[in-house]
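Here the structure is laid out as structure tokens; the discussion comes afterwards.
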Amino acid sequence: MVVKCDPALEAIEAKLERGESLSQADGVALLRTPDLHTLGRLALAAKRRKSGDNVYYVLNRYINSTNVCYADCQFCSFSRSEKDADAVRMSGDDVFAKALETGSNFNQLHIVGGHDPRQLSLDYWLPLMRRFKDALPHVQLSLFTAAEIDYLARRHRLSYDVILGRLREAGLDNINGGGAEVFSERYRKIVCPKKVDGAHWLEIHEVAHRHGIASNATMLYGTVETLEERAEHFVLLRESQQRSPGYNAFIPLAFHPDGNALNDCGPTSGLDDLRMFATARLMLDNFDHIKAYWMIQGLKICQVALHFGADDMDGTHGSTDEERIYHSAGTDSGQYVDDREFRRLITASGFVPVRRNSTYDVFAADWKPEDGMPQRVAVAV
Ligand code: V47
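Residue numbers (our numbering): 0 to 380.
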């Protein structure tokens, strides 16, 4: 098959040259185009305008603290009821010990878990967060998704403002981007009717930004959503960032079908993955970073994604079995890529590796906790 230049992309390129934001219809055209070459060229140029040759990564500890959850999302292979033999609920001491298992040379602690009535409470989290901040002042806490914040607010009968104020005081630096799925009401009724809706997801992130908590955003693509709904999701995120700056990165989450109710949807294709990275970069012109999280699309697609608008590969995990959301849904990625390997992967893709934390302060590559507080270094773009 000969792929011709897509005329729809010419009008989009002209808009980009004029510095105009793209419309929902433009987003659909990008998500549908067979002209991957032009799409990649446009997205790489947009990436270079934001981050030059840099590609970011973070030395990270990742923990799923509980898989007990009653949200019943159709795409989930991770959740268990508390009666299940393979339910895993870590105590605060277990989480603390796990985080420090391989030393303290890391700059982000990323923890997400299920809606577990025993664990997801302020009584559990506030003391644990303070303990982390005391022991590891150089580590940023990237905890929860907006769905967990909504659960906390309903459980304690407190407003988002009060909950987020308390979490900020205890040291919350960043909210992870999960729980967004696809904002469309039609989609959420089918896929995740018990979870926070799109409008409240956006509100939680905007309230967090007012408290000085940064955040990420995601979209889970590849199930029952339409391309129009994907494009609408991008427009809603861009408008939210406009009202309330504070999102650092957008992460496209490719659906993994093993062991869940949406298994018939099958996995995403490599082409769809690349179209998502590029469309995210072009639609989200007020987001600085598009993340190709290696564990989700796999290392090789993520390396190619760096040429389709992505400028971040996320981070290291522990050396054992921490990540369970994607591993229970069939990812064939391993659990661990170390610092040296990240730098090699990024360099081999033609970019410059830059070590960061959750809020994109950058560190010298050889920074260690015993050097004291991070030496922030200027990044040339
Ligand atoms: O909310 C669950 C998604 C999210 C599946 O902020 C699935 O840096 C695909 O929040 N197939 C949790 N996706 C993960 C998350 C995240 C991941 C990477 C980076 C960041 C960040 C945040 O994972 C859930 C849901 O949207 N998810 N099951 C599945 N079968």
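Think of the CB as a built atom: it goes at the ideal place given N, C-alpha and C, for glycine as much as any other residue. All figures in this text were calculated on a predicted structure; none of them were measured in a lab.
To the nearest angstrom, how far is the alpha carbon of residue i from that of residue j?
i, j, result
"residue 398", "residue 17", "No information on residue 398 is available, as it lies outside the stretch 0 to 380 that the chain covers here."
"residue 331", "residue 297", "8 Å"
"residue 60", "residue 322", "10 Å"
"residue 85", "residue 259", "16 Å"
"residue 115", "residue 52", "42 Å"
"residue 361", "residue 91", "30 Å"
"residue 96", "residue 121", "20 Å"
"residue 28", "residue 14", "14 Å"
"residue 103", "residue 340", "19 Å"
"residue 20", "residue 123", "43 Å"
"residue 197", "residue 369", "43 Å"
"residue 348", "residue 276", "16 Å"
"residue 89", "residue 24", "46 Å"
"residue 230", "residue 67", "32 Å"
"residue 57", "residue 281", "24 Å"
"residue 219", "residue 12", "27 Å"
"residue 293", "residue 313", "7 Å"
"residue 77", "residue 138", "27 Å"
"residue 106", "residue 9", "42 Å"
"residue 118", "residue 147", "11 Å"
"residue 135", "residue 234", "38 Å"
"residue 366", "residue 7", "47 Å"
"residue 34", "residue 126", "52 Å"
"residue 176", "residue 226", "20 Å"
Exposed or buried, residue i, counting other C-beta atoms within 10 Å across all chains shown (16 or more means buried)?
i, result
"residue 174", "buried"
"residue 162", "buried"
"residue 263", "exposed"
"residue 274", "buried"
"residue 301", "buried"
"residue 268", "exposed"
"residue 285", "exposed"
"residue 364", "exposed"
"residue 109", "buried"
"residue 382", "The question about residue 382 has no answer, for the chain in this structure spans 0 to 380."
"residue 82", "exposed"
"residue 343", "exposed"
"residue 245", "buried"
"residue 291", "buried"
"residue 270", "exposed"
"residue 192", "exposed"
"residue 207", "buried"
"residue 379", "exposed"
"residue 240", "buried"
"residue 221", "buried"
"residue 80", "exposed"
Pull up the CB-CB distance for residue i and residue j, whole angstroms please, since I reckon it's below 8 Å.
i, j, result
"residue 55", "residue 355", "5 Å"
"residue 358", "residue 172", "6 Å"
"residue 181", "residue 228", "5 Å"
"residue 113", "residue 278", "About 30 Å; that fails the 8 Å criterion."
"residue 169", "residue 129", "5 Å"
"residue 194", "residue 70", "5 Å"
"residue 37", "residue 4", "6 Å"
"residue 288", "residue 257", "So it is not a contact: roughly 29 Å between Cβ atoms."
"residue 329", "residue 255", "5 Å"
Give a single yes or no on whether residue i has its beta carbon closer than 7 Å to a heavy atom of the ligand HEM.
i, result
"residue 181", "The ligand HEM is not part of the structure shown, which contains the ligand V47 as its ligands."
Relative to the C-alpha of residue i, which candidate in the options has its C-alpha closest?
i, options, result
"residue 306", "14, 40, 10", "40"
"residue 159", "42, 107, 200, 245", "200"
"residue 62", "369, 347, 75, 315", "315"
"residue 253", "223, 245, 65", "223"
"residue 237", "105, 215, 219, 221", "215"
"residue 72", "239, 155, 94, 179", "179"
"residue 272", "88, 249, 30", "30"
"residue 165", "211, 250, 242, 378", "211"
"residue 283", "154, 248, 265, 75", "248"
"residue 186", "261, 345, 46, 152", "261"
"residue 299", "327, 345, 266, 255", "345"
"residue 202", "44, 145, 100", "145"
"residue 183", "213, 204, 232", "232"
"residue 111", "167, 22, 141, 213", "141"
Hey, is residue i's beta-carbon within less than 8 Å of any beta-carbon in chain B?
i, result
"residue 78", "This model lacks chain B altogether; it includes just one protein chain."
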